[in-house]
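Asker:
Residue numbers (the UniProt record's numbering): 1 to 153.
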C-alpha cells in the first residue's frame with residue numbers, strides 16, 4: 001500500500017483476473033431494495049390507493065412505518081401491528097404501521113423475505129391500514145374498503 005496526495009491508496013484483490021466486483025443488479029431493480037424499503041413501498045402504495053377514495057378525510061393524516069412498537073406489550077397482550085397517534089405538539093394525526101410485527105404475522109422468516117408469501121403480506125398491510133383508517137374515521141373497515149378481508153384479492 002502506498003500513499004497518494006489524497007491519503008493512502010487501498011489495493012483491492014482482483015482474484016483470478018476477473019476484474020473488480022460490482023453490484024449484481026442495478027440499484028433500481030426490485031430485488032436490490034432492502035426488506036424495509038420494499039415494505040415502505042407496500043405501505044406507500046396502499047396509502048395512495050386509500051387516498052384516492054378518502055383523500056379529503058386523510059389530508060391531515062401522516063402515515064409512518066416503524067420497525068417495532070416503542071414499548072414491549074404485556075405478556076397477555078398481542079403485539080400491535082399499527083397505532084393511531086393523536087395530533088399534538090404541532091404534529092398531525094399519525095397512523096404508524098409496525099413493519100416487523102406485520103412481517104412476522106405474514107410469515108416472514110430469515111433475511112430478504114425468505115419463506116414469506118408476498119400476497120399475504122400485501123393483504124395484511126392493506127387490512128392493517130384499512131382498519132386504522134376505519135377506526136380514525138369512525139366507520140367499518142368494509143365501508144372504507146369493500147375488498148377488506150376478501151379471500152380473493
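Beta carbons are placed, not taken as given, at the ideal position from N, Cα and C, and that holds for glycine.
Within 10 Å of its beta-carbon, does residue 149 have 16 or more other beta-carbons around it, so buried, or fewer, so exposed?
Answerer: With fewer than 16 other Cβ atoms within 10 Å, it is exposed.
Asker: My assumption, with CB atoms under 8 Å, is that residue 106 sits in contact with residue 124. Please give the rounded CB distance.
Answerer: Right, the Cβ-Cβ distance comes to about 5 Å (below 8 Å), so this counts as a contact.
Asker: Mind reading off the beta-carbon distance from residue 46 to residue 126? Whole number of angstroms is fine, and I expect it under 8 Å.
Answerer: Indeed, because the Cβ distance is near 5 Å, the residues count as touching under 8 Å.
Asker: Buried or exposed for residue 131, going by 16 or more other Cβ atoms inside 10 Å?
Answerer: Flag for residue 131 reads buried.
Asker: Under three-state DSSP, which class holds residue 58?
Answerer: Coil at residue 58, not helix or strand.
Asker: So, with DSSP's three-state summary, where would you put residue 143?
Answerer: The answer is helix: DSSP assigns residue 143 an H, G or I state.
Asker: Does DSSP put residue 118 in a helix, a strand or coil?
Answerer: It is helical.
Asker: Using three-state DSSP, classify residue 157 as helix, strand or coil.
Answerer: Look at the range of the chain in this structure, 1 to 153, and you will see that residue 157 is not part of it.
Asker: So what's residue 131 in DSSP terms, helix, strand or just coil?
Answerer: Residue 131: helix per DSSP, three-state reduction.
Asker: Cβ atoms of residue 97 and residue 128: under 7 Å apart, would you say?
Answerer: Cβ atoms of residue 128 and residue 97: closer than 7 Å.
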